[in-house]
Amino acid sequence: MRYQSTRGNYPPVTPSEAVKLGLAPDGGLFVPERHVGLTKEKLQEMLTMNYRQRALQIMQPFLADFSAEELNECVSAAYNGEKFDTPEIAPVRKLEENLYVLELWHGPTCAFKDMALQILPHLLVRAAAKAGEKAEIVILVATSGDTGKAALEGFKDVPGTRIIVFYPEEGVSEVQKLQMITQEGRNVYVAAVRGNFDDAQSGVKAIFADRTFNEELNRLGYVLSSANSINWGRLIPQVVYYVSAYLDLLQKGEIKPGEEINFVVPTGNFGNILAAFYARQMGLPVRKLICASNENNVLTEFIRTGVYNRNRPFKKTLSPSMDILISSNLERLLFELGNRDGEKVRNWMMELQHKGTYQVDDEMKRRVAEIFWADFADDRETLDSIGRTFRSCGYILDTHTAVGKKVYDKYTDETGDTTKTVLVSTASPFKFNASVIRALLGDEVVAGRSEFELLEELARIGKMEIPPGLRNLDQKPVLHKTSVAREDMAQLVRDLLARR
Ligand SMILES: *Cc1c(COP(=O)(O)O)cnc(C)c1O
């Protein structure tokens, strides 16, 4: 199994090289060269396995140059009872008739990015060793909130690595910010970027693309790598929970073997839902992938019209981890559905870069619409969805998952589809507690109270415990105070690395 670039201008690489490089040097993203199938027999075989065993089975063919022992070490280091607060790792619960919730927030930072970022550092260190890499790996991350903390937790004190996280000064919640700036670990750095997430992300991308700067770092004994959702090493662990959720439903007798289900995925960078797409490509019985956006609804428009247009005002919403106008991982979908034509993808991406918009051909539009359905929810609908779901099911959704729930309701209203559906829940309600309490009890209850008082309040309403990662955050010392302009990010990297 080798990996090729979606832009077709780089020779195929081994799985470990794909993981080590993150982004392909021609600016594209790595995708597997060959199809990996998931037979009925294989699904049957995995039925009684636990999450770790399932992860091994699913990831092995994609990471063929990792030995079974190596993969086992990675999986065991990531998905265990110390890091996750439930032995099921990614439990599925029934919410209402035909609707289930897949909870992806039982890891250390209470959001779904832990699912990938707990295992990525272990994959990366082994991948680098295989490639004979002697330099220290420097992870650069641009985060809209959750990735940063999840990456910091994943990489903290992992030998042979350093991590630098850039978060947008405007655009993360108080809790998210405190989680990052209080991060401990000998190899971690955190800086605020003056701007929004796209500023931070484009700054990081520019650093990766700057050949001279990369050569300079190499001479100093460093090599850059990415932990963003463009890294294949992050995507493949996400395929696991889609298959695992299907198996759980099968095992509980909620579905019959071979029965198709839908997934609703709250989407930003298109990483999570792309993993669902790969699970479907492998042969998992999936009918529709429902792509849920907030008011930054570029993807809704793209899936419905074939036009991707980022030329629009960036909106700050109550689901900040989905406040994204450039969904990087969409490039992989275009490649997979576009007859693996790197030149085509390259042209669209050039248009996106230069004009901020591109339009795919009718064939592509048709193929996308065959698999995906898309809509969005605004903030009012999001809050409303949290309130309604709590009143009818006694279950508290976070704002991102609530976007998914609202879009699911729109989907069933419009299509009448009664296919059993799994709503992918991407964050614990505690992580976005102020908005959640506003939804449940009204604005008055939130006014003038700190997010920490609100954590207590939410614990009371939901009769739940505050997760350990969010407790006592306000009492921890602030260790990272740097703030930087978009243009000065490279210089900051230089300075931080020079400080041995
Ligand atoms: C990152 C994130 C998303 C969006 O996931 P993508 O892979 O970027 O589509 C949704 N919800 C939460 C809570 C997130 O942290």
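What the sequence shown shows, in the numbering used here, is residues 104 to 603, in sequence order. Glycine included, C-beta positions come from ideal geometry on N, C-alpha and C.
Taking the C-beta atoms as reference points, R110 is found nearer than 8 angstroms to G130.
For F187, DSSP assigns no beta-bridge partner whatsoever.
Set against 7 angstroms, the gap from the CB of M425 to the closest heavy atom of ligand 1 is smaller. Following the DSSP letters along the chain, one finds L255 inside the alpha helix (DSSP H) bounded by residues D249 to F258. The C-beta distance from R390 to E357 rounds to 15 angstroms, too long to fall under 8 angstroms, and the pair is not in contact. Boundaries of the alpha helix (DSSP H) harbouring R491: D482 to C496, taken from the DSSP string. Here the segment 454-462 does not lie against the segment 477-484, with fewer than 3 beta-carbon pairs under 8 angstroms apart. Taking 8 angstroms as the cut-off, the Cβ atoms of N372 and S332 count as close. L573 sits away from L561, with the two beta carbons spaced by 8 angstroms or more. The three-state reading of DSSP puts P580 in coil, since its state is none of H, G, I, E or B.
Our two residues, V368 and L437, have alpha carbons roughly 18 angstroms apart in a direct line. Sequence-distant partners of A303 (beyond 5 residues in either direction) whose C-beta falls short of 6 angstroms from its own C-beta, in its chain, are A245, F269, P271 and V296. Sorting Y325, A382 and Q594 by C-alpha distance to the C-alpha of Y349 places A382 at the top. The alpha-carbon separation between P532 and L141 amounts to approximately 34 angstroms. Taking 8 angstroms as the cut-off, the Cβ atoms of A542 and G490 count as close. Uninterrupted alpha helix (DSSP H) stretches at least 4 residues long and entirely within the segment 175-250 occur at 217-220 and 223-233, given in chain order. Between I310 and V596 a beta carbon distance of about 6 angstroms is seen, short of the 8 angstroms cut, so the two are scored as contacting. In this structure, the beta-carbon distance from K233 to G210 does not fall below 8 angstroms. Counting C-beta atoms within 10 angstroms of its own C-beta, S276 has 16 or more neighbours from the protein chains shown and is therefore classed as buried. Listed in chain order, the alpha helix (DSSP H) elements of length 4 or more contained wholly in the segment 510-590 are 536-544, 546-549 and 554-565. For D351, the enclosing alpha helix (DSSP H) begins and ends at W335 to Q354. Taking C-beta atoms as the reference points, L207 and S528 count as a pair closer than 8 angstroms. For L392, no alpha helix (DSSP H) run applies; the uninterrupted beta strand (DSSP E) run containing it begins and ends at V389 to S396, by DSSP.
Counting C-beta pairs closer than 8 angstroms gives fewer than three between the segment 327-343 and the segment 512-526, which falls short of the contact rule. For ligand 1, a non-hydrogen atom lies closer than 7 angstroms to the CB of K216. Between the alpha carbons of G361 and L146 lies a gap of roughly 10 angstroms. Contact between the segment 284-293 and the segment 316-331 is not established, with fewer than three Cβ pairs separated by less than 8 angstroms. Secondary structure at I267: strand, using DSSP grouped into helix, strand and coil.
For T460, the enclosing beta strand (DSSP E) covers residues T460 to Q462.
According to DSSP, P135 shares a beta bridge with Y106. In this structure the segment 118-125 lies against the segment 221-236, because at least three pairs of beta carbons, one per stretch, are closer than 8 angstroms.
Pairing L600 with L226 gives a Cβ-Cβ distance that is not under 8 angstroms. Contact check for V401 against L440 fails: the beta carbons are separated by 8 angstroms or more. Here E256 is buried. Its C-beta has 16 or more other C-beta atoms within 10 Å. With a beta-carbon spacing of about 11 angstroms, Y511 and T492 fall beyond the 8 angstroms limit used to define contacts.
Scanning M149, K447, F300 and F380 for the CA closest to the CA of G274 turns up F300.
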